[in-house]
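S.K.:
Protein chains: 2
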Amino acid sequence: MFSAMARAATTTDAFNAVAEPRRRQILDVLAGGERPVNDLVDLLDLAQPLVSKHLRVLREVGLVDVRDAGRQRVYRLNAVPLKAVHDWVKGYAQAWEERFSALDDVLEELKAEENGT
Amino acid sequence: MFSAMARAATTTDAFNAVAEPRRRQILDVLAGGERPVNDLVDLLDLAQPLVSKHLRVLREVGLVDVRDAGRQRVYRLNAVPLKAVHDWVKGYAQAWEERFSALDDVLEELKAEENGT
DNA sequence: TTGACATATACCCATATGGGTATATGTTTT
DNA sequence: AAAACATATACCCATATGGGTATATGTCAA
Numbered sequence: 001m002f003s004a005m006a007r008a009a010t011t012t013d014a015f016n017a018v019a020e021p022r023r024r025q026i027l028d029v030l031a032g033g034e035r036p037v038n039d040l041v042d043l044l045d046l047a048q049p050l051v052s053k054h055l056r057v058l059r060e061v062g063l064v065d066v067r068d069a070g071r072q073r074v075y076r077l078n079a080v081p082l083k084a085v086h087d088w089v090k091g092y093a094q095a096w097e098e099r100f101s102a103l104d105d106v107l108e109e110l111k112a113e114e115n116g117t
Numbered sequence: 001m002f003s004a005m006a007r008a009a010t011t012t013d014a015f016n017a018v019a020e021p022r023r024r025q026i027l028d029v030l031a032g033g034e035r036p037v038n039d040l041v042d043l044l045d046l047a048q049p050l051v052s053k054h055l056r057v058l059r060e061v062g063l064v065d066v067r068d069a070g071r072q073r074v075y076r077l078n079a080v081p082l083k084a085v086h087d088w089v090k091g092y093a094q095a096w097e098e099r100f101s102a103l104d105d106v107l108e109e110l111k112a113e114e115n116g117t
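From first to last, the protein sequence lines stand for chains W and D. The numbers in full-length UniProt numbering rise by one with no breaks, and the one at position 82 of the first sequence is 82. The numbers in full-length UniProt numbering rise by one with no breaks, and the one at position 13 of the second sequence is 13.
Structure below.
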């Protein structure tokens, strides 16, 4: 038995992992190839413990893999969990395209008015 | 002058708005057409104030528009801000496809082994 | 105008979060 | 073995977050 949680963890899936800008930055760097932690510290200009913490979230969600290399820990991108995000958001592509073409229509109208009705 | 914030707000962009499952549900419903708040309350089986709060976040991020209709407030999807999410995640498509084809290779190998050698 | 209805807001609460500093852990070099 | 290096973890802290209940606000119906 346990009382209802006041708030559920929000760092347990790809959507949340990727909601944090720092973590997107990390993934963006790793997209260019695997990197030890210190590289990320330098590139992100963020305290080392914070980088490690973000990496932990990414690891728990499966967005990165780690490999030991002497005294370094080399992190590597695993983009697979991002497919879920992509699949969800892809469903809205039509919706924003409609919006854009609706805007185009308005602009066309304005242009037509400019040239006399 | 102000002291450094201990933590920045995380509900101020599309990435974060969409990280919350309830809000994705709301958008999924609105994708089927505009809806008054109470419809969402019924469909999501969530307390009305919570729905209103999630709608507020979505509104602030520009993912929904509102329209007054008598004593109802009708919410409507605006998918445009999702394009940013799509654009970012799209850049990783190649990465997860590589992973999948790497997996395919492994499976092929196992299959080959099964049939002798 | 009084009451029902629809929605937003003001609170309270427990917990998650991200940043920070100090330190533990493990590895390589000297 | 000791020192330097690389990384993870344990804390502390302020604040954001999501859920909940009560209530304010505004609109329509009787």
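The C-beta atom is built at its ideal place from N, Cα and C for all residues, glycine as well.
Residues of the segment 78–89 of chain D with a CB closer than 8 Å to any CB of chain W: list them in chain order, please.
M.R.: So the list reads 78, 79, 80, 82, 83, 85, 86, 88 and 89, given in the order they occur along the chain.
S.K.: Across the segment 75–90 of chain W and the segment 20–39 of chain W, are there enough close Cβ pairs to call them in contact, namely three or more that are closer than 8 Å?
M.R.: Contact holds: three or more Cβ-Cβ distances are below 8 Å.
S.K.: Suppose only complete runs of 4+ residues qualify. What are the alpha helix (DSSP H) ranges in the UniProt domain "HTH arsR-type" (3–97) of chain D, listed by chain order?
M.R.: Listed in chain order, they are 14–17, 21–30, 37–44, 48–60 and 82–90.
S.K.: Looking only at C-alpha atoms, which of D/113, D/83, D/93 and D/40 sits nearest to residue 13 of chain D?
M.R.: Position 13 of the second sequence holds residue 13 of chain D. Among D/113, D/83, D/93 and D/40, the Cα nearest to that of residue 13 of chain D belongs to D/83.
S.K.: For residue 67 of chain D, which residues of its own chain have a beta-carbon under 6 Å away from its beta-carbon, when the five flanking residues on both sides are left out?
M.R.: Taking the second sequence and counting its residues from 1, one reaches residue 67 of chain D at position 67. Excluding residues within five positions, the ones whose Cβ falls inside 6 Å are 74.
S.K.: Buried or exposed: which applies to residue 15 of chain W, given that a residue is buried once 16 or more other Cβ atoms fall within 10 Å of its Cβ?
M.R.: Within the first sequence, the letter at position 15 stands for residue 15 of chain W. Flag for residue 15 of chain W reads buried.
S.K.: Could you tell me whether the segment 22–30 of chain D touches the segment 18–31 of chain W, using the rule of 3 or more Cβ pairs below 8 Å?
M.R.: Output reads no: the segment 18–31 of chain W does not touch the segment 22–30 of chain D.
S.K.: Using CA coordinates, which residue listed in W/105, W/96 and W/101 is at the minimum distance from residue 62 of chain D?
M.R.: Looking up residue 62 of chain D in the second sequence gives position 62. Answer by Cα proximity: W/96.
S.K.: With a cut-off of 8 Å on the beta carbons, I'd call residue 51 of chain W and residue 37 of chain W a contact; round off their distance for me.
M.R.: Walking along the first sequence from the start, residue 51 of chain W turns up at place 51. Walking along the first sequence from the start, residue 37 of chain W turns up at place 37. Correct: roughly 6 Å between the Cβ atoms.
S.K.: Note down, in chain order, every chain W residue with its Cβ under 8 Å from the Cβ of residue 16 of chain D.
M.R.: For the purposes of this step, residue 16 of chain D is taken as residue 16 along the second sequence, with counting starting at 1. By Cβ distance, chain W contributes 19.
S.K.: On the CB-based measure, 16 or more other CB atoms within 10 Å of its CB, does residue 69 of chain D come out buried or exposed?
M.R.: Taking the second sequence and counting its residues from 1, one reaches residue 69 of chain D at position 69. Exposed: under 16 other Cβ atoms inside 10 Å.
S.K.: Measuring straight from C-alpha to C-alpha, what distance separates residue 10 of chain D and residue 42 of chain W?
M.R.: The residue you call residue 10 of chain D lines up with position 10 of the second sequence. The residue you call residue 42 of chain W lines up with position 42 of the first sequence. So the two alpha carbons sit approximately 24 Å from each other.
S.K.: Our contact map puts residue 80 of chain W next to residue 89 of chain D with C-beta atoms below 8 Å; I'd like the distance itself, whole angstroms only.
M.R.: Indexing the first sequence from 1 puts residue 80 of chain W at position 80. Indexing the second sequence from 1 puts residue 89 of chain D at position 89. The pair is not a contact, with the Cβ atoms about 12 Å apart (cut-off 8 Å).
S.K.: Taking any Cβ of chain W, which residues in the segment 19–36 of chain D have a Cβ under 9 Å from it, in chain order?
M.R.: Answer set for the segment 19–36 of chain D: 19, 20, 21, 24, 27, 28 and 31.
S.K.: Less than 8 Å between the C-beta atoms of residue 19 of chain W and residue 19 of chain D, yes or no?
M.R.: Working through the first sequence from its first residue, we reach residue 19 of chain W at position 19. Working through the second sequence from its first residue, we reach residue 19 of chain D at position 19. Yes, these two residues count as a Cβ contact at 8 Å.
S.K.: Verify whether the separation of the beta carbon atoms of residue 17 of chain W and residue 58 of chain W is less than 8 Å.
M.R.: Your numbering for residue 17 of chain W matches position 17 in the first sequence. Your numbering for residue 58 of chain W matches position 58 in the first sequence. Closer than 8 Å, so yes.
S.K.: Would you say residue 102 of chain W reaches chain D, if we count a Cβ-Cβ gap shorter than 8 Å as a contact?
M.R.: For the purposes of this step, residue 102 of chain W is taken as residue 102 along the first sequence, with counting starting at 1. Residue 102 of chain W does not count as touching chain D.
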